[in-house]
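Read in the UniProt record's numbering, the sequence shown has 282 at position 282, and its numbers run on one by one without any break.
C-beta: ideal position from N, C-alpha, C; glycine also.
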Amino acid sequence: MTTGPGPGGLDIGIVGAGIAGLATAIALLIQDGSKHRVTVFEKYPNCQPAFSGPVQLHTNATRILAKYGVSDQIESCLPEMHHSVQNIHKYRDGRLLYNLPTAVALKLYQSPVWNLSRNELLDIMLARASELGAVCKFNAGVVDVNVDVDKPLIQLESGETLSFDLVIAADGIHSKIRTKILGSVDPVCPLTAYSLNVDRDRLKMDKDLNFLLNRSGFWIGPKKSVVGMDLPSTCSLIYCNEKDDGEEGVWDRTFDVEDIKKEFADAEPRLLKALDLADGPCYIWSLSDIPELSTWISSNGKVVLIGDAAHAMLPFAAQGAGCSLEDSACLAECITRTNTVSDATAAFEAIRKTRTTFISAAGRLNLEFCHLANGPAQEARDAGLEMMWDKQSKREAPPPVPDATHPPQELRDYAPPEQVTNLFTPVAREYVSGYDIFAHTRSYFAAHKQAG
Ligand SMILES: Cc1cc2nc3c(=O)[nH]c(=O)nc-3n(C[C@H](O)[C@H](O)[C@H](O)COP(=O)(O)OP(=O)(O)OC[C@H]3O[C@@H](n4cnc5c(N)ncnc54)[C@H](O)[C@@H]3O)c2cc1C
Numbered sequence: 001m002t003t004g005p006g007p008g009g010l011d012i013g014i015v016g017a018g019i020a021g022l023a024t025a026i027a028l029l030i031q032d033g034s035k036h037r038v039t040v041f042e043k044y045p046n047c048q049p050a051f052s053g054p055v056q057l058h059t060n061a062t063r064i065l066a067k068y069g070v071s072d073q074i075e076s077c078l079p080e081m082h083h084s085v086q087n088i089h090k091y092r093d094g095r096l097l098y099n100l101p102t103a104v105a106l107k108l109y110q111s112p113v114w115n116l117s118r119n120e121l122l123d124i125m126l127a128r129a130s131e132l133g134a135v136c137k138f139n140a141g142v143v144d145v146n147v148d149v150d151k152p153l154i155q156l157e158s159g160e161t162l163s164f165d166l167v168i169a170a171d172g173i174h175s176k177i178r179t180k181i182l183g184s185v186d187p188v189c190p191l192t193a194y195s196l197n198v199d200r201d202r203l204k205m206d207k208d209l210n211f212l213l214n215r216s217g218f219w220i221g222p223k224k225s226v227v228g229m230d231l232p233s234t235c236s237l238i239y240c241n242e243k244d245d246g247e248e249g250v251w252d253r254t255f256d257v258e259d260i261k262k263e264f265a266d267a268e269p270r271l272l273k274a275l276d277l278a279d280g281p282c283y284i285w286s287l288s289d290i291p292e293l294s295t296w297i298s299s300n301g302k303v304v305l306i307g308d309a310a311h312a313m314l315p316f317a318a319q320g321a322g323c324s325l326e327d328s329a330c331l332a333e334c335i336t337r338t339n340t341v342s343d344a345t346a347a348f349e350a351i352r353k354t355r356t357t358f359i360s361a362a363g364r365l366n367l368e369f370c371h372l373a374n375g376p377a378q379e380a381r382d383a384g385l386e387m388m389w390d391k392q393s394k395r396e397a398p399p400p401v402p403d404a405t406h407p408p409q410e411l412r413d414y415a416p417p418e419q420v421t422n423l424f425t426p427v428a429r430e431y432v433s434g435y436d437i438f439a440h441t442r443s444y445f446a447a448h449k450q451a452g
C-alpha cells in the first residue's frame with residue numbers, strides 16, 4: 001500500500017464549497033496520517049448556495065457521511081425519524097402506489113436515508129472540514145485556471161495567483177474549470193420546477209395535509225410530478241412540469257403561487273390545498289443535466305472535475321449529491337493509494353465514470369417513467385409499483401455491506417447492470433443504494449495489484 005504522493009503531503013486547492021468540495025476536503029484530511037494542506041475557494045460570502053432546497057441522501061451517501069464523523073450532528077437536526085423514505089402517489093387522484101418505510105430501507109441497506117436542508121448539511125460539513133484543518137476562503141471566486149503547467153495555477157477575483165500540486169474543480173454544473181479542460185458543454189434543461197415552503201405548524205393543524213409530516217412524498221403524472229419533503233424547519237414542495245420556462249442557473253426568480261395553481265390545476269386536491277398554505281416566496285427553476293464528458297481530468301492529470309462539474313444529473317435520480325459524496329471518498333483514497341497525482345486522478349476517473357454515467361442515464365429514464373402519459377405503459381407502471389411494494393415488504397435483508405476498514409473478502413465486480421433502466425427496477429435500485437464506495441475503491445486497487 002502506498003501512502004500518497006510524497007511524505008510531506010500535497011498542496012491541494014478545491015474550487016467550490018458545495019457538497020462535493022467540502023466533502024472532499026473532509027475526505028482528504030481524515031486519511032490516515034494525512035499531511036495535505038487543503039484550501040477551499042468559494043465565490044460567495046458563505047457556503048449557503050443560491051439554491052437552498054431540500055436534499056435526500058440515500059444509503060450509499062449516508063454511509064459515507066458516517067465515516068466522515070458527521071452523522072450524529074446531522075441526525076440531531078432531523079426532528080424525528082421519517083416514517084417513510086418514499087411514498088409514491090398518483091398525481092391526479094393521490095392513490096398510493098408504493099411505500100418504502102424507513103425501517104425497511106435501514107434493514108435492506110444497513111444505513112439510513114435522510115431528508116435534510118442543504119444549508120444545514122453544508123454548515124455541518126464546513127464545520128467538520130475546518131475542524132480537520134481545511135482553510136475555507138469565501139468571497140474568493142476563481143476567475144482563471146492554468147491547467148497545463150506542472151503545478152496548476154488558479155487566479156482569484158482579487159488578482160492573486162496561487163499554485164497547487166492538485167486542483168479539484170468542485171465548481172458545479174456551470175464549471176469554469178471544465179471549460180478550460182473541455183471547452184463549453186451545454187447543460188440540457190428539460191424541465192421547469194416551482195419551489196415553495198409550507199409552515200410545519202400550519203401543516204400540523206390541517207387534517208388533509210398533516211400526513212406530510214415526517215414523510216417524503218412523490219406524486220407522478222403525465223408530464224408532471226410533485227415532490228414533498230418534510231424538513232426540520234419547513235415542508236418543502238417542488239412542482240415540476242415539462243416546460244422550458246425557468247432560467248438556467250437562476251435560483252432566485254420568484255413566481256406567483258396563483259400561476260402555479262393554474263399550471264397544476266389537474267393535481268389531486270391535497271396538492272392544490274398545499275399551495276394555499278405557501279409560506280414566503282415561490283421560486284421558478286430550470287432543472288438540467290449535462291451529457292457524459294469525454295474526460296474529467298486535464299492532460300497532465302493535475303486538475304480534476306468532481307461532483308456536478310463532472311456529471312450533473314437530473315434530480316429525478318435523487319443522486320447528484322450522493323454521487324458527489326462518493327467522488328470525495330474515492331478521490332481521497334486514490335490519492336492515498338498511488339504515488340503520483342496523475343495516477344490518482346486516472347484511477348479516480350476509472351472507478352467513478354461508469355457508475356455516474358449509468359446513474360445519470362437512469363435519472364433521465366426515471367423522469368420518463370414518472371411522467372408517462374395515461375395509457376397501457378402507465379397502467380403497467382402503476383401495477384408494477386404496487387407489486388414491488390408488496391414484494392419489498394416481504395424481502396429478506398441482503399448480506400451486510402463489507403466494512404471498508406477491512407480488506408474485501410473477495411474482489412467484487414462493481415460494474416453497473418448491463419442495461420440502463422430507471423431506478424425503480426430492483427436491480428438498479430440495489431446497484432445504487434447497496435453500493436459502498438470504500439469497498440469498491442479497495443477492490444479496484446486489489447485487482448490492479450493482482451494484475452501486476
Ligand atoms: C431541485 C434539485 C433537487 C435535488 N435533489 C437531490 C436529492 O434529493 N438528492 C441528491 O443526491 N441530489 C439532489 N440534487 C443534486 C445535488 O443538489 C447536486 O448534485 C449537488 O449539490 C452537487 O454539488 P456540487 O458541490 O458538485 O455543486 P454545487 O452545489 O453547485 O456547488 C458548487 C460550488 O462552487 C461554487 N463556485 C462555482 N464557481 C466558482 C468559482 N469560479 N470560484 C469559486 N467558487 C465557485 C458555487 O458557488 C458553489 O458553492 C438536486 C438538485 C436539484 C437542482
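Check: Ligand 1 heavy atom lying under 6 Å from the CB of Tyr68; Outcome: no
Check: Distance cut-off 6 Å: Pro315 Cβ against heavy atoms of ligand 1; Outcome: yes
Check: Bridge-paired residues (DSSP) for Phe41; Outcome: Val15 and Lys137
Check: Cβ-heavy atom distance, Phe369 to ligand 1, below 6 Å; Outcome: no
Check: Close Cβ partners of Val85 (< 6 Å) along its chain, the five nearest in sequence each way excluded; Outcome: Leu100, Thr102, Ala105 and Val113
Check: Sequence-distant residues of the same chain with beta carbon closer than 6 Å to His440, five excluded per side; Outcome: Tyr414
Check: At least 3 beta-carbon pairs within less than 8 Å: the segment 322-340 vs the segment 294-310; Outcome: yes
Check: Through-space distance from Gly9 to Pro407, alpha-carbon basis; Outcome: For Pro407, the predicted structure reports a pLDDT of 47, less than 50, and the residue's modelled location is therefore unreliable. A value from the coordinates is still provided. For Pro407 and Gly9, the distance between alpha carbons rounds to 24 Å.
Check: For Gly16, the nearest candidate out of Asp266, Ala318 and Ser175 (CA to CA); Outcome: Ser175
Check: Residue from Ser286, Gln392 and Cys136 whose Cα sits closest to the Cα of Pro190; Outcome: Ser286
Check: Beta-carbon contacts of Ala278 that lie in its chain and below 6 Å, excluding the five residues immediately before and after; Outcome: Leu196 and Val257
Check: Segment limits, beta strand (DSSP E) that includes Val432; Outcome: From DSSP, Val432 is part of no beta strand (DSSP E) but of the alpha helix (DSSP H) over Pro426 to Ser433.
Check: Gln378 - DSSP class collapsed to helix/strand/coil; Outcome: helix
Check: Assigned secondary structure, His89 (DSSP; H/G/I helix, E/B strand, else coil); Outcome: strand
Check: Sub-7 Å separation of Val135 and Thr39 beta-carbons; Outcome: yes
Check: Lys243 (DSSP reduced to helix, strand or coil); Outcome: coil
Check: Sequence-distant residues of the same chain with beta carbon closer than 7 Å to Thr405, five excluded per side; Outcome: Note on Thr405: pLDDT 48, under 50, position unreliable in the model; the coordinate value appears next. Here the set comprises nothing.
Check: Cα-Cα separation between Leu28 and Phe369, rounded to whole angstroms; Outcome: 38 Å
Check: beta-carbon Ala318 near ligand 1 non-hydrogen atom, thresh 6 Å; Outcome: yes
Check: Asp308 Cβ short of 6 Å to ligand 1 heavy atom set; Outcome: yes
Check: Residue range of the alpha helix (DSSP H) that includes Asn60; Outcome: Thr59 to Lys67
Check: Simplified DSSP assignment, three categories, for residue 467; Outcome: Since the displayed the chain opens at 1 and closes at 452, residue 467 lies outside it and no answer follows.
Check: Best match in Thr24, Arg178, Pro7 and His89 for proximity to Ala267 [C-alpha to C-alpha]; Outcome: His89
Check: Chain-order list of residues whose beta-carbon lies under 7 Å from that of Arg270 (same chain, five-residue window excluded); Outcome: Gly94, Asp208 and Leu209
Check: Near ligand 1: Glu131 beta-carbon under 6 Å from a heavy atom; Outcome: no
Check: DSSP three-state assignment for Asp289, whether helix, strand or coil; Outcome: strand
Check: Beta-carbon separation (whole angstroms), Cys137 vs Phe41, contact threshold 8 Å; Outcome: What sits at residue 137 in the sequence shown is Lys, not Cys. Confirmed, Cβ separation roughly 5 Å.
Check: Nearest candidate by alpha-carbon position, reference Val145, set Arg128, Ser360, Ile14 and Phe445; Outcome: Ile14
Check: Opposing strand residues paired with Ile306 [DSSP bridges]; Outcome: DSSP, once it has assigned bridges, lists no residue as partnering Ile306.
Check: Gly18: CB within 6 Å of a non-hydrogen atom of ligand 1; Outcome: yes
Check: Contacts around Ser71, its chain only, beta-carbon distance under 8 Å, and the 5 residues preceding and following it disregarded; Outcome: Thr62 and Leu65
Check: Cβ contact (3+ pairs, closer than 8 Å) linking the segment 201-220 and the segment 331-347; Outcome: no
Check: Given 8 Å, three or more beta-carbon pairs between the segment 153-167 and the segment 217-236; Outcome: no
Check: Enclosing alpha helix (DSSP H) for Phe264 [first to last residue]; Outcome: Where Phe264 is concerned, there is no enclosing alpha helix (DSSP H), given that its DSSP letter is neither H nor E.
Check: Reduced DSSP category for Ile437 - H, G, I as helix; E, B as strand; rest coil; Outcome: helix
Check: Beta-carbon separation (whole angstroms), Asp182 vs Leu293, contact threshold 8 Å; Outcome: For the record, residue 182 in the displayed sequence is Leu; it is not Asp. At roughly 6 Å, the Cβ-Cβ gap stays under 8 Å, so Leu182 and Leu293 are in contact.
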